[in-house]
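Student: Below you will find the structure I want to go over with you.
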Amino acid sequence: MVVVKSEIRSEIVSVASKVFTRNGYKQTTMEKIAKACKMGKSSLYYYYRSKEELFEAVVVREAQELKRKLEKEINSSKDPMTKLRNYIMFRLYHLKTVTNFYAVLKDDFPKQMKFVERIRNKFEEEENKMVYNVLEKGISDGSFIVSNPEIGAIAFTTMLKGLELPLFLNKYSRKEKEKLLDDLIQVIFFGIIKR
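Per the numbering used here: the sequence shown ends with 197, consecutive numbering throughout.
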């Protein structure tokens, strides 16, 4: 059986993701990853030159996975208001499921990792574009009154980043959080729903 280099790299990224999640970036070593992959450390270095390069591959994969899931959630409805609600619910509940990517977004990594800022910026740009498209659709069908959908998209994404900590790192039960989110969504939509 012939094993393709890209398949091995993909498997290494899958295993490394779990190791980084369990130990954190600082406590993870190439030796720990190699052991988890059941390969020698020198073999691991053949596929990835450094822990930073491997961590970048993990974070990029998680970002792509999150983007796919977010697009699927947004596109699960044709109604722009439902699309925005789905976006808000998904963003606040599921971003943390990609723990390594979430840590990069939350500024937990040194600035000397050049890829961190690039990945953050790319995800923010893609997220703003998704929200912009929903706002544009809502404007065109008369659901929303937004004079500048670009600014509206930036406002939405920025607001949600600010709400992550107060809503989710607290004592509220899941049921209480659902109620808080429903109230939040009502407040958000009150200003943009055409009456």
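Even for Gly, the Cβ is constructed at its ideal location relative to N, Cα and C.
(1) If you draw a straight line from the alpha carbon of tyrosine 89 to that of glutamate 58, how long is it in whole angstroms?
(2) Spatial neighbours of lysine 43 within its chain, please: CB distance less than 8 Å, with the 5 preceding and 5 following residues excluded, ordered by chain position.
(3) In chain order, what residues of the same chain lie with their CB nearer than 7 Å to the CB of asparagine 130, ignoring the 5 residues before and after it?
(4) For isoleucine 14 and arginine 63, I'd like the C-alpha separation in whole angstroms.
(5) Is the region 185 to 194 in contact with the region 118 to 129, if contact means three or more CB pairs nearer than 8 Å?
(6) Check whether the Cβ atoms of lysine 85 and valine 118 sit closer than 8 Å, and answer yes or no.
(7) Measure how close the beta-carbons of valine 60 and alanine 38 come, nearest whole angstrom, since I'm counting them as under 8 Å.
(8) I need the DSSP call for tyrosine 50, collapsed to helix, strand or coil.
(9) Suppose the cutoff is 7 Å on Cβ atoms and the five residues either side in sequence are ignored; what does the same chain contact list for glutamate 152 look like?
(10) So within the region 8 to 94, which uninterrupted alpha helix (DSSP H) runs reach at least 4 residues, ignoring any that extend past its ends?
(11) Which value, in whole angstroms, describes the spacing of the CA atoms of serine 142 and glutamate 178?
(12) If you run the structure through DSSP and keep just helix, strand and coil, what is methionine 132?
(13) Report the rounded CA-to-CA distance for leucine 68 versus glutamate 128, giving the unit in angstroms.
(14) Please list, in chain order, all residues of the same chain as serine 79 whose beta carbon is under 8 Å from its beta carbon, the five residues on each side excluded.
(15) Around the C-beta of lysine 74, are 16 or more other C-beta atoms found within 10 angstroms, so that it is buried, or is it exposed?
Tutor: According to the structure shown:
(1) In the sequence shown, counting from the first residue as 1, residue 89 sits at position 87. In the sequence shown, counting from the first residue as 1, residue 58 sits at position 56. Each residue's alpha carbon lies about 26 Å from the other.
(2) Residue mapping note: residue 43 aligns to position 41 of the sequence shown, counting from 1. Closer than 8 Å at Cβ, skipping near neighbours: Met32, Glu33, Ala36.
(3) Here residue 130 refers to the residue found at position 128 when the sequence shown is read from its first residue. Here the set comprises Ala155, Ile156, Thr159.
(4) On the sequence shown, position 12 is the one that residue 14 refers to. On the sequence shown, position 61 is the one that residue 63 refers to. When rounded, the distance between both Cα atoms is 12 Å.
(5) no
(6) Your numbering for residue 85 matches position 83 in the sequence shown. Your numbering for residue 118 matches position 116 in the sequence shown. For lysine 85 and valine 118, no; Cβs fall outside 8 Å.
(7) As a working note, residue 60 is residue 58 in the sequence shown. As a working note, residue 38 is residue 36 in the sequence shown. Wrong, their Cβ atoms sit about 13 Å apart, outside the cutoff.
(8) For the purposes of this step, residue 50 is taken as residue 48 along the sequence shown, with counting starting at 1. Correct three-state label for tyrosine 50: coil.
(9) Along the sequence shown, read from residue 1 onward, the residue named residue 152 stands at position 150. Contacts found: Tyr134.
(10) 32 to 39, 43 to 49, 53 to 76
(11) Start at 1 with the first residue of the sequence shown, and residue 142 comes out as number 140. Start at 1 with the first residue of the sequence shown, and residue 178 comes out as number 176. Looking at the two C-alpha atoms, the distance is approximately 35 Å.
(12) As a first step, residue 132 must be located in the sequence shown, where it is residue number 130. Of the three classes helix, strand and coil, the one that applies to methionine 132 here is helix, per DSSP.
(13) To locate residue 68, count along the sequence shown from 1; it is residue 66. To locate residue 128, count along the sequence shown from 1; it is residue 126. When rounded, the distance between both Cα atoms is 11 Å.
(14) Position 77 of the sequence shown, counting from 1, holds the residue named residue 79. Once the five neighbours on either side are set aside, the close Cβ partners of serine 79 are Lys85, Asn88.
(15) Taking the sequence shown and counting its residues from 1, the one referred to as residue 74 is at position 72. Exposed, since its Cβ has fewer than 16 Cβ neighbours within 10 Å.
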